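K.L.:
Position 146 of the sequence shown, counted from 1, bears residue number 145 in numbering that gives the first Met the number 0, the numbering being contiguous throughout.
Note that the Cβ used here is the ideal one computed from N, Cα and C, for glycine as well.
Since we're looking at a predicted model, the values are computed, not measured.
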Amino acid sequence: MKTLLQLNTSLFSEQGYSSRLAQRFVQAWQVQNPVHRVMLRDLAKEPVPHLTAERFQAFLRPSNERSPEQQAVVDYSDALIDELRLADVIVLGLPMYNFGVPSTLKAYFDHVARAGITFRYTETGPVGLLGEKTVYALTTRGGVYRGTVKDTQTLYVQDFFNFLGIHDIQFIYAEGLNLGEEQRGAALAQAEAQIIQLAA
0 MKTLLQLNTS LFSEQGYSSR LAQRFVQAWQ VQNPVHRVML RDLAKEPVPH LTAERFQAFL
60 RPSNERSPEQ QAVVDYSDAL IDELRLADVI VLGLPMYNFG VPSTLKAYFD HVARAGITFR
120 YTETGPVGLL GEKTVYALTT RGGVYRGTVK DTQTLYVQDF FNFLGIHDIQ FIYAEGLNLG
180 EEQRGAALAQ AEAQIIQLAA
């Protein structure tokens, strides 16, 4: 029995194309795979605060020296990390905004990348501590960027999860969504077909 974490990062919450595809993936996965638990974190409904110097200092301060406010910051980050630890499968709704990931996802990443908690430094470089998981990224774009130098999203997301020790990352793309109804329909249909195949 697996635990699945769905991360919606669209500004439009569950109405965003990436969120809809993520939800479709979860539904298909549940049909084909026994699921013990599904967790949903919607970064539009519950945005993660952007990292500040004060929040970062809270992470660095020893636990016995933290103020109540600093401890609250750490507790919040720990709760996000606990969800990641529990998850066997991570389903990421990933729209492209201005050639990058949503700023709320960057804020989320900044709160779950914690030295000594989700990765550690060694003499040969950092080592991730959250391995043995699979990430499915449902990636939606208004234009067509896959495989071009403007697709900074794919490499960034891969690099980040690799940094945490997660190396099984699969992308499902729906591109050209702003290039007319015919293109949008074809792209979403192709993504859904891939979802069904992967979930099986």
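Using 9 angstroms as the threshold, is the C-beta distance between Ala21 and Leu10 below it?
P.N.:
No, these two residues do not count as a Cβ contact at 9 angstroms.
K.L.:
Buried or exposed for Ile165, please, with buried defined as at least 16 other CB atoms from any protein chain shown within 10 angstroms of its CB.
P.N.:
Buried: at least 16 other Cβ atoms inside 10 Å.
K.L.:
Please list, in chain order, all residues of the same chain as Lys149 whose beta carbon is under 8 angstroms from its beta carbon, the five residues on each side excluded.
P.N.:
Cβ within range, chain order: Phe98.
K.L.:
With distances taken between CB atoms, is the gap from Ala185 to Thr138 smaller than 9 angstroms?
P.N.:
Against a cut-off of 9 angstroms, the Cβ pair of Thr138 and Ala185 comes out as no contact.
K.L.:
How far does the alpha helix (DSSP H) with His110 in it extend, from its first residue to its last?
P.N.:
102 to 111 is the span of the alpha helix (DSSP H), which, as asked, contains His110.
K.L.:
Does the region 78 to 98 come within contact of the region 13 to 30, defined as at least 3 CB pairs closer than 8 angstroms?
P.N.:
Enough Cβ pairs lie closer than 8 angstroms, so yes.
K.L.:
With DSSP as the reference, label Pro94 as helix, strand or coil.
P.N.:
DSSP places Pro94 in strand when its eight states are reduced to three.
K.L.:
Under a three-way DSSP split, which group does Pro67 fall into?
P.N.:
In the structure shown, Pro67 sits in a helix (DSSP, three-state: H, G or I).
K.L.:
Among Gly175, Val25, Leu163, whose alpha-carbon lies nearest the alpha-carbon of Met38?
P.N.:
Nearest option by C-alpha distance: Val25.
K.L.:
Considering only C-alpha positions, which residue in the set Thr8, Asn63, Val30, Gly146 is nearest to Ala136?
P.N.:
The option with the nearest alpha carbon to Ala136 is Thr8.
K.L.:
Could you check the C-alpha separation between Gly203 and Thr123 for me, to the nearest Å?
P.N.:
Examination of residue 203 is not possible in this model, given that the chain is present from 0 through 199 alone.
K.L.:
Buried or exposed: where does Arg113 fall if 16 or more other Cβ atoms within 10 Å of its Cβ makes it buried?
P.N.:
Classification for Arg113: buried.
K.L.:
When we look at the beta-carbon of Tyr120 and count the other beta-carbons within 10 Å, is it buried (16 or more) or exposed?
P.N.:
With fewer than 16 Cβ atoms within 10 Å of its Cβ, Tyr120 is classed as exposed.
K.L.:
On the DSSP bridge assignment, give the partners of Lys1 in chain order.
P.N.:
The partner list for Lys1 (beta bridge, DSSP) reads Val34.
K.L.:
Around the C-beta of Leu83, are 16 or more other C-beta atoms found within 10 angstroms, so that it is buried, or is it exposed?
P.N.:
Classification of Leu83: buried, given that the 10 Å Cβ count is 16 or more.
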